[in-house]
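Chains as they are written, first to last, in my numbering: chain W, 1 to 286; chain P, 1 to 577.
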């Protein structure tokens, strides 16, 4: 049996004490052990930012890539080897700012990966600038008069773009988060969890207390996660009032194909195990 | 006098210029003749002025030619624009319904009307091809056979229409006397030669390397490479994925390669600019990556459908900081096929990026070349893709548990394993990392890792072919690289026949090179750089690496192909001074 301890390594952690990333790290370990996935079967891909460092602090295969590009690298790897269990760690700046176009394209491709966005509504690694999810008017050292743009709504964008598994987690609720991660990894297709994560160093507005006052787990209500319109209504609520968490939308229609099921060659098996037969190729030459 | 002719087919975009050119090229190729066909077109789908210029010869060709013996003007505008450039004794076939007195060398004919009476205006290009081949002296049976091959799948009706149209054109051509010297003589059936475009050859080179992921964002002139690969999607285990942008394209290629499947990203300079970030990722994480940069004039959007050789220094230096890479610049279709194969092999062997520099001229030109596409069925993909480094002095037993992705080794190459295929954990980061692949800021490790990556360069140099050089006696060398090869060589031969003491120096593999070897060749000689850029980028590189300055240059940066005559005229002026 795989245990959370199996993912512990001796790499020095570089997050601030009390960082909202720690419970996310714990929830990941719990989910992996619950799924009985040993370190060698896991492949973590990440971008740049405090969230991007996550795989370094876990004992398993990892590729810590470029700012914004984790989904592209992960997509390539999954196309190459469909047997890889890929989890992407990204942040609000990495995924919705630098990698926004890739986020939308990954949803449309419906590539079978799990995306965890550590969303703290601020840039942590570069010391506290506004992020794409910062509230309008949020003041920072850089945005002295407050931000001039309305926040990006990743949940709504994911839903209207056709994502089949859209969940919101909260670093303050490890148990719910571990369950969501495990559910996302079992989902065949693109699964995203936007995780509310307090930044103890640079976000004095969206603190643990602030989130706790607003989060509303949908599992405690009779939310029908197969109802896209209702799910969308939930994420269009004013976050200043209430922020629903949990699995908000899951495509339960039959016949929803992921990227690999749409391509004959990938349906046959892993591309890694299929080589070009040079005799066949030779016979096709002019 | 060589038995050859040049045919130019000109008209608006969308009028089927290439259809006529390809029919002609295929018939000639299958009769054992040599073709060098250049496409010159605007960045538009309809209208404007485009042309295809085909040189046809009984003897092998190394370059294209500029002045046509026969101009096919599909619209009258083309006749006006192009007849000034006719070779001596050249004729014009003008597609027109107008009845007026044309000069003797202009033959008015309506391809459309002839096609209509044969059963459909749609076959007017076939009429033109029939007329051309008849004037050139090819037997009708050759064209008939080619039409059968091209149209049989489209049904009996389509085939019959095209045969009738071809015959109508052929008959019309019999009434035209071509004062040129060309005699259509079959010398075989095209065996032992290839006829294809550089773009197609590049795709075949990738497939022959067992490349199975092709990620791209459309950009002229590199789109043709991916389109060529896509032709094989139903028959070979490959994925051709049109990415959301070039950033995604290159990073998908890196991801697929990291997971163990060879992958290709092809683009042009603008897309390559975006890919430089991914290039750095591949370099930092020592992940094999092959990129083809099909150059076109820039900067920014530049001239989308035109040609240039102005990305050389950019390619050698692309991405921040410094790291080893391979840069190969093939000059012909077969060279392209082998350069792409070599790029895949070397990128895997040394775990460094390899870039193949092509350009619009090479991508889009179709040429006959003697030789064979070498498709090697022996190399097993497993050994190709997860190459263990050559044994070094460190013989410590590596177990799956003790596996280190970036283990320090004498030759700088660490064993590359694939994630998820064994108990060994494969860890890597774009940040500086330790031997295990974890993020580090340790000063000593950082410096050692930089050294590790750079220590590959000396061995890499040994893999490179020196520039081709002719001749030992020449005091003056025309020097160039990549697709300028043929024009330089032909111009050089012309100059020599005129009594000039001149040779050539042509670079195929450009980076990294053993520059001492280059120094030996060029010491005590005069270099005339022949390049399709403003600042003689190869000349600059030679000077940087050898300390030897070039003395003169023939440069062309108007986006149009480099014709041998242009070099000859300009080189003469230089040498007469």
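Positions of the beta carbon are idealized from the N, C-alpha and C atoms, including for glycine.
Below 8 Å on the Cβ atoms is my contact criterion, and I expect residue i with residue j to pass it. Report the Cβ-Cβ distance as a whole number of Å.
i             : j             : result
residue 37/P  : residue 21/P  : 6 Å
residue 6/P   : residue 68/P  : 5 Å
residue 581/P : residue 422/P : Outside the shown range of chain P, which is 1 to 577, sits residue 581/P, and nothing can be said about it.
residue 203/P : residue 228/P : 4 Å
residue 146/P : residue 33/P  : So it is not a contact: roughly 13 Å between Cβ atoms.
residue 356/P : residue 313/P : The Cβ separation is near 16 Å, so there is no contact.
residue 90/W  : residue 117/W : 5 Å
residue 285/W : residue 373/P : 6 Å
Since residue i meets chain W, which of its residues come closer than 9 Å, beta carbon to beta carbon?
i             : result
residue 364/P : Per Cβ cutoff of 9 Å: no residues; residue 364/P is ~17 Å from chain W at best.
residue 235/P : 280, 281, 284
How is the beta strand (DSSP E) around residue i delimited, first residue to last?
i             : result
residue 453/P : From DSSP, residue 453/P is part of no beta strand (DSSP E) but of the alpha helix (DSSP H) over 443-454.
residue 29/P  : Not the beta strand (DSSP E): residue 29/P falls in the alpha helix (DSSP H), residues 17-30.
residue 63/W  : 61-64
residue 142/W : Taken as a continuous stretch (DSSP letters only), residue 142/W belongs to no beta strand (DSSP E), as it is neither H nor E.
residue 193/P : 193-197
residue 254/P : Unbroken run through residue 254/P is the alpha helix (DSSP H), 246-258; no beta strand (DSSP E).
residue 148/W : Unbroken run through residue 148/W: none, as it is neither H nor E.
residue 148/P : Element bounds for residue 148/P: not the beta strand (DSSP E) but the alpha helix (DSSP H), 140-151.
residue 1/W   : From DSSP, residue 1/W is part of no beta strand (DSSP E); its letter is neither H nor E.
residue 373/P : Per DSSP, residue 373/P belongs to no beta strand (DSSP E) and is neither H nor E.
residue 429/P : 427-429
residue 240/P : 239-242
Can you check DSSP and say which residues form a bridge with residue i?
i             : result
residue 40/P  : 51/P
residue 578/P : Since the first residue of chain P shown is 1 and the last is 577, residue 578/P is not available in this structure.
residue 292/P : 266/P, 356/P
residue 10/P  : 51/P, 73/P
residue 114/W : 87/W, 191/W
residue 217/W : 245/W
residue 436/P : Beta-bridge pairing links residue 436/P to no other residue.
residue 326/P : 354/P
residue 169/W : 195/W
residue 44/W  : 62/W, 87/W
residue 552/P : 528/P
residue 94/P  : 73/P, 108/P
In angstroms with no decimal places, state the Cα-to-Cα distance between residue i and residue j.
i             : j             : result
residue 299/P : residue 273/P : 10 Å
residue 57/W  : residue 20/W  : 14 Å
residue 510/P : residue 122/P : 47 Å
residue 389/P : residue 336/P : Reliability fails at residue 389/P, whose pLDDT of 46 lies under 50, so the model's placement of it is uncertain and no value is given.
residue 192/P : residue 371/P : 6 Å
residue 129/P : residue 76/P  : 18 Å
residue 271/W : residue 201/P : 23 Å
residue 13/P  : residue 47/P  : 5 Å
residue 394/P : residue 282/W : Bear in mind that a pLDDT of 48 at residue 394/P, under 50, signals an unreliable position, so the model cannot answer this.
residue 387/P : residue 54/W  : Note that residue 387/P has pLDDT 46, beneath the 50 cutoff, so the model's placement of it is unreliable and the number below is only indicative. Their backbone Cα atoms lie some 29 Å apart in a straight line.
residue 382/P : residue 353/P : With a pLDDT of 39 at residue 382/P, under the threshold of 50, the predicted position of this residue should be treated as unreliable, and no value is reported.
residue 47/W  : residue 254/P : 14 Å
residue 277/W : residue 375/P : 10 Å
residue 108/W : residue 238/W : 27 Å
residue 261/W : residue 211/P : 21 Å
Determine the chain W residues that contact residue i at a beta-carbon separation under 8 Å, and present them in chain order.
i             : result
residue 423/P : 40
residue 399/P : Within 8 Å Cβ-Cβ: nothing; residue 399/P doesn't reach chain W, min ~13 Å.
residue 506/P : Chain W residues near residue 506/P: none, gap ~27 Å exceeds 8 Å.
residue 239/P : 79, 263, 265, 266, 271
I'd like the span of the alpha helix (DSSP H) that includes residue i, first residue to last.
i             : result
residue 283/P : 269-284
residue 517/P : 515-522
residue 219/P : Neither: residue 219/P is in no alpha helix (DSSP H) and is coded neither H nor E.
residue 159/W : 154-161
residue 260/W : 259-262
residue 462/P : 457-462
residue 106/P : Here residue 106/P belongs to no alpha helix (DSSP H); instead the beta strand (DSSP E) covers 106-109.
For the ligand ZN, is there a heavy atom less than 8 Å away from the beta-carbon of residue i?
i             : result
residue 158/P : No copy of the ligand ZN occurs in the structure displayed, which carries no ligand at all.
What in chain P is Cβ-close to residue i, meaning under 8 Å?
i             : result
residue 286/W : 194, 195, 196
residue 69/W  : 247, 248, 251, 277, 278, 281
residue 64/W  : 428, 429, 430, 431, 439
residue 77/W  : 255, 256, 258, 259, 419
residue 16/W  : Within chain P, no residue comes near residue 16/W; the closest Cβ sits about 16 Å away, beyond 8 Å.
Name, please, each residue of chain W whose Cβ falls closer than 7 Å to the Cβ of residue i.
i             : result
residue 212/P : 271, 276
residue 261/P : 80, 271, 272
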